[in-house]
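Numbering of the sequence shown is given in my numbering, commencing with residue 129 and proceeding in unit increments. First up is the structure itself, then whatever we jot down about it.
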Amino acid sequence: MTMEDDKTMPDRVEDAFGDSAEVISDTLNDWLSPLEGTPVVYIAVITVALLLLLWILHLVFRFLVIRPLVGNRLVNRSKWLKSQDLIATGVLSSIATMLSILCIGAIVDLLPRVGAAYEEGASRVIDALFVFFCAQLIVRAGRFLDLVYSRLPSVDRPGALMGYVSVGAFLVYGAALVIMVSVILDMSPLYFLTGIGAASAILLIVFRDTLLSMFANIVVTTGDLVRVGDWIHVPSSSADGYVIEISLNVVKVQNFDKTITVLPTYRLVQEAFVNYRGMYKAGGRRIKRSIMLDQRTIRPLAPAELDRLEVIPLVGRAMELDRAALASATGGDRTTNSGLFRHYILAYLQAHPRIHQKDFTMLVRQLQPTAEGLPLELYCFVADTAWAAFEEVQSTIFDQLLGTLPAFGLRVYQGESDFQEPNPESRRIEVDPTVFKAANDGDA
C-alpha cells in the first residue's frame, strides 16, 4: 500500500483543489507577466478584472442558478410565498452578490505576485463588502416577510410590519457600518462603540427628530393609523389631502390644491389628526348642515292651511310624523309650520334614493336658537363618498328645501341690513297648488 492510498477523502479533495489553484495561478501569471514592469498598471488591471468578474458572477448566480432554483422548485409550491416577492424585494440579488463576493475572495488568493499589501487590502475590502451585503440581505428579508405577513387573511393590509422593518434597517445598517470600518482599519469594533457611547448625548440632540420619527413609524404602521392613499387632515398644519408616502422620517401628503405637505412622522403620534378612511370603508359621507329659520315667521297652522299644504308631495307623510310626535307630547296639539317643515324634511330624506336609510343616523333637529335665527339641522349620510357626487347631492337637497320653505310660511333668516319685511302679511303661506300638481303630474 502506497502513501497515496493512505489519504482520506478530504485530503484528496484538498490536494485536487491545490493542484487546480496552482494551474490557475500559473495561467494568470502568464497572462499578466507583460505588465509586471509597471506596478500601477498591473494593480489597476487586476482591480478592474476583479470588478468585472464580480459583476459577471453576480449575473450568473442571480439569473442562471438562484432564480430558476427558487422560482421553480421551492417557493411557488407555497400558498403564501411567491418568487415574485423575492425578486421585488431584492433578496435573490443580495444572495447572488454574497456568493459572488465569496468567489472573488477565493480568486484573490490565487493571484500571482500582486504583493502582500495588495492581497491584505483586497481581502479587507472584500470582507467589508460581505458584511454590507449581509446587512442588506437581512433588511430585504425583513421586507419580504412584511409582504408575506401583510397578505395573510387575518391581517390583509399593506405594510403591517414596515415600521419594525424600518427601525431594524436603521439598526442593522448602523451595526454593519461599525463592523465595516473596523474590518478595513483592522481595529476592534469595541473601539468605535466606545466612541459612539461617549458621543451619544450629542447624537441624541442632532438626530432627535429622526429617532422620534423612527419609533413613531412603528406606532403608525403597526397600529394601522395611516396608509398610503388615506385622506387625512392635520389641523395644526396645512396637511389636508391624500397620503402619498410614508417613510422612516416623514409622511408626505398631497393636498387638494396639488401642493405637498411634508410632516415628521412623530407629528401623527403627538398630535390629533383626522383620517377619513372609515368614511370610505363605511360607504357613507355625512351631511351636517343647518337652515337658519327666521323665528318671527314660526306660528301654528290653521286647518285650511293644512288642507292647502297637502298638495305638496310628501306633506301627507310629514303630517303623519307630526301627529305621532304631538300624540306623545303633553299639552300641545297644534301643528306649527316649523314642526311640519321639520317632519317634511325627514320624509324627504327617507324617500331620497341617494341617502342611506339603514345602519346610518338620520335625523332633523332644532339647535339652540341664536341671534341669527333658529338652526334646523340635517344629519344624514349620502350613499356616495366621492367628493363631487356628495356635493351635488347635498346642494340639490338644500336647493329643494330652500325653494319649498316659503310654502310653509317660513323664511330663512338674514341680517336686517339685507332683509326688510315690508308687510307682516308676507309671513302667510305662499303656495300655488297648481305648481305642485303640475310637478306631481310630471313625476307620474
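Ideal Cβ positions, reconstructed from N, Cα and C, are used throughout, including at glycine.
- request: Using 10 angstroms around the beta-carbon of Ala250, count the other beta-carbons present and answer buried if the total reaches 16, otherwise exposed.
  value: buried
Three-state secondary structure assigned by DSSP to Gln382: strand
task: Report the three-state DSSP secondary structure of Ser574 (helix, strand or coil).
output: Since the displayed the chain opens at 129 and closes at 572, residue 574 lies outside it and no answer follows.
message: What ranges does the alpha helix (DSSP H) occupy inside the region 404 to 467, keeping only unbroken runs of at least 4 residues that lie completely in it?
response: 405 to 410, 431 to 437, 443 to 455
- request: Out of Val306, Val362, Gly296, Met290, point me to the one whose CA is closest to Phe260's CA.
  value: Val306
- prompt: How close, in whole Å, do the beta carbons of Val371 and Val381 come, if the pair is a contact with beta carbons under 8 Å?
  reply: 6 Å
Val176, buried or exposed, once every other Cβ within 10 Å from all chains shown has been counted against 16: exposed
Helix, strand or coil at Arg493 according to DSSP, with G and I counted as helix: strand
message: Using only the alpha-carbon positions, how far apart do Trp359 and Asp368 sit?
response: 7 Å
Continuous beta strand (DSSP E) stretch holding Thr217: start and end: Where Thr217 is concerned, there is no enclosing beta strand (DSSP E), although the alpha helix (DSSP H) it sits in stretches over 211 to 217.
task: Please report how far the alpha carbon of Ser545 lies from the alpha carbon of Leu421, in whole angstroms.
output: Caution applies to Ser545, whose pLDDT of 47 falls short of 50 and renders its modelled position unreliable; the value that the coordinates give is listed next. Those two C-alpha atoms are separated by around 17 Å.
- request: Work out the CA separation of Ala452 and Ser461 for me, nearest whole Å.
  value: Inspection of the sequence shows that residue 461 is occupied by Asp rather than by Ser. Answer to the nearest angstrom: the Cα atoms are 10 Å apart.
query: Does the distance from the C-beta atom of Ile415 to that of Cys508 stay below 8 Å?
result: yes
message: Between which residues of its own chain and Ser364 is the CB-CB distance below 7 Å, once the five residues before and five after are set aside?
response: Glu399
query: If you draw a straight line from the alpha carbon of Ile330 to that of Arg336, how long is it in whole angstroms?
result: 10 Å
message: Considering Cα atoms alone, identify which of Phe488, Tyr476, Leu214 is closest to Phe526.
response: Tyr476
field: Heavy atom of the ligand MN within 7 Å of Leu376 beta-carbon
entry: In the structure on display, the ligand MN does not appear, and there are no ligands present to speak of.
message: Mapping the DSSP letters down to three states, classify His361 as helix, strand or coil.
response: strand
field: At least 3 beta-carbon pairs within less than 8 Å: the region 486 to 498 vs the region 438 to 458
entry: no
- prompt: Buried or exposed: where does Phe272 fall if 16 or more other Cβ atoms within 10 Å of its Cβ makes it buried?
  reply: buried
Start-to-end residues for the beta strand (DSSP E) that takes in Tyr509: As written in the sequence, residue 509 is Phe, which differs from the Tyr given in the question. 502 to 510 is the extent of the beta strand (DSSP E) around Phe509.
task: Please name the residue in Pro428, Gly357, Ser375, Gly406 whose C-alpha comes closest to that of Val347.
output: Ser375
- prompt: Around the C-beta of Ala172, are 16 or more other C-beta atoms found within 10 angstroms, so that it is buried, or is it exposed?
  reply: exposed
field: Val348: first and last residue of the uninterrupted alpha helix (DSSP H) it sits in
entry: 336 to 350
message: Mapping the DSSP letters down to three states, classify Pro392 as helix, strand or coil.
response: strand
field: Beta bridge counterpart(s) of Glu373 as assigned by DSSP
entry: Lys380
- request: Just the C-alpha distance for Leu179 and Ser228, rounded to the nearest angstrom, thanks.
  value: 10 Å
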